[in-house]
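Novice: Would you mind keeping the following structure in view while I ask a few things?
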Amino acid sequence: LTVAKGWRALKQQRKIKPLTPEKLSELAIFYVGRFATSRGNLARYLNRKIGERGWEGDEPPDVAALIEKLVGYGYVDDAAYAEAKAQSLTRRGYGARRVDAAVRAAGIGDADRERADDVVENTRISAALKLAQRRRWGPFADEREDDPAKREKQFSAFIRAGHDMTLARRILRMEPGADVSVLED
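Note that the numbering used here has the sequence shown beginning at 25, numbered continuously upward.
Below is the structure:
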């Protein structure tokens, strides 16, 4: 091998062994030990690994049963994952629609989203203010933005971040240095 080919060539030359039920279980436990995850994310991961490496067993892999076993042990908790995801995204300045999209993408069902919805509802104003502060818009700007094109871009960014239009307009219309406590409900 030449140096230019490197580890990729070695990896391609090495024959990857197909997964067995034991190895699949090890992969699942390693994954949940390393990452907070949902049932949906874990199922996608395990199915991807089966697709990449193949399956050695006589019967098809029972990914759902393996996931339910890990749920029973408490290693996977969709409600707690959804709540943590909502807290993380709202701290970064994202709004309800963006949080909802991320939670749905993780495969969280409606029954497990209650706590996440509460987090979003309780932090909707502070999350929008966090976005405005990070971007230095509205009350956090050095000077008022009078260019309509730039104001439209700012408004669009609020909408893409998942905030409602009314709140975005209220924040962007505030004068630089204005008291943000008037937004609190």
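A virtual CB, placed ideally from N, CA and C, is assigned to each residue, including glycine.
Keep in mind it's a predicted model, so treat the numbers as computed, not measured.
Under DSSP, the alpha helix (DSSP H) around T190 begins and ends at which residues?
Specialist: M189 to R197
Novice: To the nearest angstrom, how far is it from the Cα of G131 to the Cα of A125?
Specialist: Each residue's alpha carbon lies about 10 Å from the other.
Novice: Can you tell which of G186, E107 and P85 has the C-alpha that lies nearest to the C-alpha of R139?
Specialist: E107
Novice: Under DSSP, the alpha helix (DSSP H) around D141 begins and ends at which residues?
Specialist: E138 to N146
Novice: Could you spell out the range, first to last residue, of the alpha helix (DSSP H) harbouring L70?
Specialist: R63 to R77
Novice: Residues in its own chain within less than 6 Å of G162 by CB, not counting five upstream and five downstream?
Specialist: Sequence-distant partners of G162 (beyond 5 residues in either direction) whose C-beta falls short of 6 Å from its own C-beta, in its chain, are A156, I195, L196 and M198.
Novice: Using a threshold of 9 Å, state whether the C-beta atoms of H187 and A152 are closer than that.
Specialist: Yes, Cβ-Cβ distance for H187 and A152 is below 9 Å.
Novice: When the Cα atoms are used, what is the spatial distance from L51 to L43?
Specialist: 10 Å
Novice: Could you pull the DSSP bridge partners for L43 from this structure?
Specialist: In DSSP, L43 forms a bridge with W79.
Novice: Quick one: grab the DSSP three-state call for F59.
Specialist: coil
Novice: Mind pulling the beta strand (DSSP E) runs of 3 or more residues that sit fully within the segment 80 to 125?
Specialist: none
Novice: What does a CB cutoff of less than 8 Å around G133 pick up in its chain, not counting 5 residues either side in sequence?
Specialist: Cβ neighbours of G133 beyond the five flanking positions: D102.
Novice: What number of angstroms, rounded off, separates the C-alpha of A181 from the C-alpha of P172?
Specialist: 14 Å
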